[in-house]
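Student:
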Amino acid sequence: MKRELRSKSVGTKVSEAELRVLESRAERAGLTLSEWVRDVLLGSSVEMGTLAAERAILAEVLAMRTILLNFMLKVGEGNPIPEEVKQEADRSARNPDYHRRRGLIARLEV
Numbered sequence: 005m006k007r008e009l010r011s012k013s014v015g016t017k018v019s020e021a022e023l024r025v026l027e028s029r030a031e032r033a034g035l036t037l038s039e040w041v042r043d044v045l046l047g048s049s050v051e052m053g054t055l056a057a058e059r060a061i062l063a064e065v066l067a068m069r070t071i072l073l074n075f076m077l078k079v080g081e082g083n084p085i086p087e088e089v090k091q092e093a094d095r096s097a098r099n100p101d102y103h104r105r106r107g108l109i110a111r112l113e114v
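Each residue of the sequence shown is one higher than the one before, starting from 5 at the first, in this note's numbering.
(1) For Leu45, which of Ala67, Arg32, Thr16 and Glu64 has the nearest alpha-carbon?
(2) Rounded to whole angstroms, what's the CA-CA distance from Ser13 to Asn99? Just pull it up for me.
(3) In terms of residue numbering, what span does the alpha helix (DSSP H) encompassing Val14 cover?
(4) Is DSSP giving Leu45 helix, strand or coil here?
(5) Can you check the segment 67-105 for any alpha helix (DSSP H) of at least 4 residues that lies completely inside it and give the ranges in chain order?
(6) Run through DSSP, which three-state label would Ala33 get?
(7) By Cβ distance below 8 Å, which residues in the same chain neighbour Val25 in space, the five residues on each side in sequence not counted?
(8) How many whole angstroms separate the CB atoms of Ala97 and Ala67, which I take to be in contact at a CB cut-off of 8 Å?
(9) With a threshold of 8 Å on Cβ separation, who are the neighbours of Glu39 within its own chain once the five nearest residues in sequence on each side are excluded?
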């Protein structure tokens, strides 16, 4: 199979120290710097669907964490968990803005 001719380039500026790091990584991989950079760039693309799925999963995990923490606080105080507290915990844990306001998801947004 004939490989397509590469006629386009992508460039960036790096410091001397950054260049040494990149060259070292390429050498460890047994590639030229150009080959290594190409492999890294083409191999690290993030599909938006995957990123959205990961965020949805994270939101569910955070929702479960919030519910558990709210319940544990009540139990730790020796109090029964009233039904309205259960319902409010569920509502707030399912609200994505609840987590964004607290910075739990914001740090992961690209």
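All C-beta atoms, glycine included, are put in the ideal place defined by N, C-alpha and C.
Tutor: So, from the data block:
(1) Counting from one through the sequence shown, the residue named residue 45 turns up at place 41. Measuring C-alpha to C-alpha distances from Leu45 to each of Ala67, Arg32, Thr16 and Glu64 identifies Thr16 as the nearest.
(2) The residue you call residue 13 lines up with position 9 of the sequence shown. The residue you call residue 99 lines up with position 95 of the sequence shown. Taking the Cα positions, Ser13 is about 44 Å away from Asn99.
(3) Start at 1 with the first residue of the sequence shown, and residue 14 comes out as number 10. Boundaries cannot be given for Val14, as no alpha helix (DSSP H) includes it and DSSP labels it neither H nor E.
(4) What you label residue 45 is simply residue 41 of the sequence shown in a count that begins at 1. The three-state reading of DSSP puts Leu45 in helix, counting H, G and I together.
(5) Under the rule that a run must span 4 or more residues, the alpha helix (DSSP H) segments found entirely inside the segment 67-105 read 87-97 and 100-105.
(6) Residue 33 sits at position 29 when you count from the first residue of the sequence shown. Three-state DSSP puts Ala33 in coil, outside helix and strand.
(7) For the purposes of this step, residue 25 is taken as residue 21 along the sequence shown, with counting starting at 1. Cβ within range, chain order: n/a, list empty.
(8) For the purposes of this step, residue 97 is identified with residue 93 of the sequence shown, where counting begins at 1. For the purposes of this step, residue 67 is identified with residue 63 of the sequence shown, where counting begins at 1. Yes, Ala97 and Ala67 are in contact; Cβ-Cβ is about 4 Å, under 8 Å.
(9) The residue given as residue 39 occupies position 35 in the sequence shown. Around Glu39: Ala30.
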